[in-house]
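I have placed the structure first, in the form of structure tokens, so that the comments after it can refer back to it.
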Amino acid sequence: MLVIEGRAYLEGQLESVALGIEDGTIVAIKKTLRGDETYRFGDAILLPGGIDVHVHFREPGKTHKEDFASGTESAAVGGVTTVVDMPNTRPPVTKGDVLREKLRVVSRHANVDFGLYGAPASAADVKSLADAIAYKVYLAETTDAPLIRDDAALADLLAGVASTKTYMSVHAEDPSRFQSLPAKKLEDYHRARPPEAERSAIETVGRLRGEARVHIAHVTTAEAVKARPAGATCEVTPHHLLLSTASPIGARGKVNPPLRPIAERENLWREVVAGSVDMFASDHAPHTLDEKSVPFDEAPAGVPGVATTFPVLFRYVRRDVLPLPQFVAMFSENPAKLLRVNKGTLAVGRDADLIVVDPRRIEKMTARRCRYKCGWTPFEGAESTFPFATFVRGQLVSQEGELVTESAGRLITPSEL
Ligand code: NCD
Ligand code: ZN
Ligand code: ZN
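Read in order, the letters of the sequence shown are residues 470 to 886 in my numbering.
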């Protein structure tokens, strides 16, 4: 048995315990345990590893921006032990054979556990994509994404998803509400793809969803949170919480849906604090600095983020803006419930995915620290706390910012929880 000692987050509280782990599963939680191998972390905090249901690792097709090995390394360093990769890779994951080929290419290089989204164009494609952990639909143009253009096609897709156990993640922007304005700066981009477009798309999904499980990706406004259909979940990104149209980052901050003005961002924070937003997700969408260093309207949309969710948001726990239970719910527990995987909680019977944190360690964010292939982060210089060790099913995957075990990641499959 492997033993990990520390102050673990158990049922809402921190308790000094020993976690006993066998075959990657937590098998005992006691005051003390004797094991074959013991990690003693003293008063450092043990939290469930993060689950990021929205990343773009660009493999296959755009591996100069990111690939599965580099993306999952950044995930581990940032305390994310499970990722779900989006289907806008090349070719887009619209059919089962494309998904199986993507799985073949990426599986051996995963440093954390992972699932893949499918992007069906019809209910028939939903069936062919049975190996996908979940589905994605893009209702507006965004980087390399296959588009669904009309209500009939969306209704068909949702009906297909309703006959599965999994969910449909929605990129919810209604292009009929876009303004054709020249976009030279973040403020223009916000006006060109306004909050009404998000609200309108979410309402359409609410109208058409039938019995499908629906998850709204990257909400940017309080109105979007409030517009979501009853029972639907939603995610918020750190960039929409921490950056705004006033951030001095130009085209680097160009992202879909856009960064919003400070007042909108504050309203979004209120929804988070009130507990109305189910989870964090990074929408890690890396583009190289060269690709971003062009006139604003030509720059690709997307910002990297898989390594920074924990580091930049943990300060809000330290400052009591987000109580630890709420943070853990949004970082780990709720995404695990959405995916129906046996993860997200430190409890007997669960996968031993966990991170080790010393809250006294505070440093300035850098891209190098994130080990990003794209070489930049929109949070450069931000006050950060990185976990100093990350375990995936009991394997020490990263320590002090370095990857120590390669290819420990496995494909996730839903459990009957
Ligand atoms: C994403 C990308 O680059 O893949 N870009 C973005 O601006 N968020 C696509 C997406 O999630 O919309
Ligand atoms: Zn999107
Ligand atoms: Zn995305």
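All residues carry an ideal CB built from backbone N, CA and C; glycine is no exception.
Residue i versus residue j - alpha carbon distance
i, j, result
"residue 549", "residue 520", "6 Å"
"residue 632", "residue 474", "43 Å"
"residue 695", "residue 742", "14 Å"
"residue 495", "residue 509", "16 Å"
"residue 867", "residue 836", "17 Å"
"residue 624", "residue 552", "28 Å"
"residue 880", "residue 581", "9 Å"
"residue 665", "residue 645", "10 Å"
"residue 869", "residue 714", "34 Å"
"residue 593", "residue 626", "8 Å"
"residue 766", "residue 667", "20 Å"
"residue 739", "residue 608", "27 Å"
"residue 827", "residue 814", "19 Å"
"residue 491", "residue 497", "9 Å"
"residue 599", "residue 745", "31 Å"
"residue 522", "residue 486", "29 Å"
"residue 630", "residue 595", "7 Å"
"residue 482", "residue 830", "21 Å"
"residue 591", "residue 825", "43 Å"
Extent of the continuous alpha helix (DSSP H) run through residue i
i, result
"residue 543", "537-546"
"residue 481", "It is not in any alpha helix (DSSP H) - residue 481 carries neither H nor E in the DSSP assignment."
"residue 658", "655-661"
"residue 630", "620-631"
"residue 720", "Segment: none, residue 720 is in no alpha helix (DSSP H) and carries neither H nor E."
"residue 836", "836-839"
Option nearest residue i by Cα separation, candidates the options
i, options, result
"residue 720", "655, 779, 531", "655"
"residue 531", "644, 760, 515, 563", "760"
"residue 540", "571, 578, 785, 703", "578"
"residue 501", "492, 477, 516, 522", "477"
"residue 796", "850, 832, 849, 705", "705"
"residue 711", "527, 681, 780, 640", "780"
"residue 605", "593, 576, 637", "637"
"residue 723", "602, 611, 804", "611"
"residue 436", "850, 569, 614, 740", "Shown here, the chain extends from 470 to 886; a query on residue 436 therefore has no answer."
"residue 678", "660, 643, 621, 651", "621"
"residue 782", "748, 755, 769, 804", "748"
"residue 543", "777, 816, 847", "777"
"residue 856", "516, 670, 490, 498", "516"
"residue 554", "877, 573, 753, 794", "753"
"residue 707", "864, 874, 847", "847"
"residue 634", "640, 603, 619, 641", "603"
"residue 875", "883, 865, 882", "865"
Residue interval of the beta strand (DSSP E) (run including residue i)
i, result
"residue 523", "519-524"
"residue 817", "Counting along the chain, residue 817 falls outside any beta strand (DSSP E), and DSSP gives it neither H nor E."
"residue 497", "494-499"
"residue 865", "864-868"
"residue 823", "823-826"
"residue 550", "549-554"
Chain D contact for residue i (CB, 8 Å cutoff)
i, result
"residue 779", "The structure shown contains no chain D; it is built from a single protein chain."
Closer than 7 Å: residue i CB and nearest ligand 4 heavy atom
i, result
"residue 578", "No copy of ligand 4 appears in this structure; the ligands present are ligand 1, ligand 2 and ligand 3."
Three or more beta-carbon pairs under 8 Å between the stretch 674-691 and the stretch 722-730, yes or no? yes
Three-pair Cβ contact test at 8 Å for the stretch 858-870 versus the stretch 814-822: yes
Sequence ranges, alpha helix (DSSP H) only - wholly within the stretch 724-802, length at least 4: 731-742, 758-761, 778-787, 793-797
Every unbroken alpha helix (DSSP H) inside the stretch 664-709 [4 residues or more]: 664-677, 691-696
Taking contact to mean at least 3 C-beta pairs separated by less than 8 Å, is the stretch 695-710 in contact with the stretch 673-685? yes
Does the contact criterion of 3 or more C-beta pairs under 8 Å hold for the stretch 842-854 versus the stretch 763-773? yes
For the pair the stretch 651-667 and the stretch 703-720, tell me if three or more CB-CB distances fall below 8 Å. yes
Please give me, in chain order, every unbroken run of the alpha helix (DSSP H) with length at least 4 that falls completely inside the stretch 560-609. 565-575, 592-597
Cβ contact check for the stretch 781-791 and the stretch 804-811: 3 or more pairs under 8 Å: no
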